[in-house]
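S.K.: In the numbering used here, the protein residues as written are 2 to 230.
Virtual Cβ for every residue (Gly too), placed ideally from N, Cα, C.
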Amino acid sequence: MAAFNTLKLSLLLSLLSNIGLLPETNKNSVGVFPPTCNRIECPSFDVVHVGNGYEIRRYNSSVWMSTSSIQDISLVEATRTGFLRLFDYIQGKNKYKQEIEMTAPVITEVFPSDGPFCESSFTVSFYVPKVNQANPPPAQGLHVQRWKSTYVAVRQFSGFVTDYNVAEEAAALQASLEGTVWSEAIEKTRKSDATSVYTVAQYNSPFEFSGRVNEIWMLFDMEDEFLPV
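1. Count Cβ pairs between the region 162–173 and the region 202–217 that sit closer than 8 Å; are there 3 or more?
2. Suppose you measure from the CA of N53 to the CA of S159; what does that come to, to the nearest Å?
3. Return the residue from the list A154, Q99 and S114 that minimises the CA-CA distance to M129.
4. Is A135 closer than 7 Å to N95 when the C-beta atoms are compared?
5. For P138 and V201, what's the separation of their Cα atoms in angstroms?
6. Quick check: I71 and G83, are their CB atoms within less than 7 Å of each other?
7. What's the gap between the Cα of V182 and the Cα of G116?
8. Return the Cβ separation of G32 and E56 in integer angstroms, given the expectation that the two are a contact with Cβ distance under 8 Å.
9. Could you spell out the range, first to last residue, of the alpha helix (DSSP H) harbouring L167?
10. Going by DSSP in three states, V198 sits in which element: helix, strand or coil?
11. Check for me: the beta strand (DSSP E) holding D47 runs from which residue to which?
12. Using DSSP with H/G/I as helix, E/B as strand and the rest coil, what is A105?
13. Bridge partners of Q203, per DSSP?
14. Keeping to the same chain, check which residues put their C-beta closer than 6 Å to that of S67; ignore five residues upstream and five downstream.
15. In terms of residue numbering, what span does the beta strand (DSSP E) encompassing V182 cover?
16. Under a Cβ-count criterion, where at least 16 other Cβ atoms within 10 Å of its own Cβ denotes burial, should E120 be classed as buried or exposed?
17. Alpha carbon to alpha carbon, what distance is there between H50 and P106?
18. Hey, I142 and S69 are a contact pair by Cβ (cut 8 Å); roughly how many whole angstroms apart?
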């Protein structure tokens, strides 16, 4: 079994390191339920608004196991580095030596640098299954994030994630939100809290070449009574 896991991880990391070279389709859509979530556990949410090229979700409280900040010029490489740490974690490399079920999505929080050739900061996180959320096994180099109920502006895109298309999709989400109450809430949240500028959510294994669903997330706080009707 150990040999099988090592081989699987080797293949996985090989694919992750070459994602940027693979062909991709960038058909944008809103409201596609990731097929992966029919097979493995995903965080639950309600859709509260659908706009032109985006939707607003309210996620229930959730627990994430996260890496420390990773400095890199490439989101793809930073995600690969973070995923390796998290893969070890769910395979039992934690204080309780407990194996944990895989979930989706794996998310990468992005704190962009000031220039195109400077390193950005990335935090990669794994959604902790409900059965483990009360007491997630601790592990060196990882920390727990407990999210309260959270609002998220979401844009979906298909294909494989690359450094280029992520920046493009994030800019498109920002543009589609311009002038809305959601944009105002996002800016207010960023000013009051040192949150990431955006988050990339990936639902599929690198072994899946069709039906891929990726998302750009922009998180924000909003009181329910201020939601537009």
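M.R.: Taking the coordinates as given:
1. yes
2. 17 Å
3. Checking the displayed sequence, the identity of residue 129 turns out to be Val instead of Met. Selected option, being the one with the closest Cα: Q99.
4. no
5. 25 Å
6. yes
7. 29 Å
8. 6 Å
9. Leu is not the amino acid found at residue 167; the sequence shown has Val there. D164 to L178 is the span of the alpha helix (DSSP H), which, as asked, contains V167.
10. coil
11. F46 to V51
12. coil
13. V107 and N215
14. T124, S126, H144 and Q146
15. Note, V182: premise wrong, no beta strand (DSSP E); alpha helix (DSSP H) at V182 to S193.
16. exposed
17. 21 Å
18. Inspection of the sequence shows that residue 142 is occupied by Gly rather than by Ile. Between S69 and G142 the Cβ distance is about 6 Å, and since that is below 8 Å, they are a contact.
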